[in-house]
Amino acid sequence: MRPESAARFDRQFAPRIAEALAACFATTVHTDVLPYGGHGHPTRVRIYAEPLKELAHYAHPLNLYLTWDSDEIEELMGPAGPARFTAYLAALPRKLEAWRHARELDFLTHTQAEPVALIGGLDFGS
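To get our numbering, take the position in the sequence shown, counting from 1, and add 146.
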């Protein structure tokens, strides 16, 4: 990925993804953007929270990282990128539900089955 695309993604897109994800949860679930750190260290959005121990469904606190395919990020920089990104943000609640089942994540109790979960190579399809 071109460094200028990575920098633009970090500035313009990743914070909006983190905000859209945060809006799907209670205020006790947090999101952070971890910027691009060079080859092999893509931009990540982290979703994390302290577990609600009295309700815990899984053994580990919520600690999930999301990354996107570099070709997908490059496509966001093109003319169709803004519309595609808007549709992606609108689809995030539905995607969260699919990830919950596939990766043993419980967003309500802030727990997950594994100590750290990574959902990588994501695209911006809605």
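All C-beta atoms, glycine included, are put in the ideal place defined by N, C-alpha and C.
(request) Using only alpha-carbon positions, find the residue among A164, A168, G271 that is nearest to L180. (result) Along the sequence shown, one-based indexing puts residue 180 at 34. Checked all of A164, A168, G271; the closest Cα to L180 is A164.
(message) Can you give me the C-alpha to C-alpha distance between P197 and V175, rounded to a whole angstrom?
(response) In the sequence shown, counting from the first residue as 1, residue 197 sits at position 51. In the sequence shown, counting from the first residue as 1, residue 175 sits at position 29. Looking at the two C-alpha atoms, the distance is approximately 10 Å.
(request) State the Cα-Cα distance for the pair P188 and R154, rounded to the nearest angstrom. (result) For the purposes of this step, residue 188 is taken as residue 42 along the sequence shown, with counting starting at 1. For the purposes of this step, residue 154 is taken as residue 8 along the sequence shown, with counting starting at 1. If you take the alpha carbons of P188 and R154, they lie about 13 Å apart.
(request) State buried or exposed for R240, treating a residue as buried only when at least 16 other CB atoms are found within 10 Å of its CB. (result) Here residue 240 refers to the residue found at position 94 of the sequence shown. R240 should be labelled exposed.
(request) Please state if the CB of H256 and the CB of A195 are separated by a distance shorter than 8 Å. (result) Within the sequence shown, residue 195 is the residue found at index 49, counting from 1. Within the sequence shown, residue 256 is the residue found at index 110, counting from 1. With respect to H256, A195 sits close: the two C-beta atoms are nearer than 8 Å.
(message) Just to confirm the assignment, what range does the alpha helix (DSSP H) spanning H256 have?
(response) Along the sequence shown, read from residue 1 onward, the residue named residue 256 stands at position 110. Neither: H256 is in no alpha helix (DSSP H) and is coded neither H nor E.
(message) Beta-carbon within less than 8 Å of P207's beta-carbon, same chain only, minus the 5 sequence neighbours each way: which residues are those?
(response) Taking the first residue of the sequence shown as position 1, residue 207 is located at position 61. Closer than 8 Å at Cβ, skipping near neighbours: Y194, A195, E196, P197, H256, T257, Q258.
(request) Measure from the alpha carbon of R192 to the alpha carbon of each residue in V262, G267, D269, then state which is nearest. (result) Looking up residue 192 in the sequence shown gives position 46. Of the candidates V262, G267, D269, the one whose C-alpha sits nearest the C-alpha of R192 is V262.
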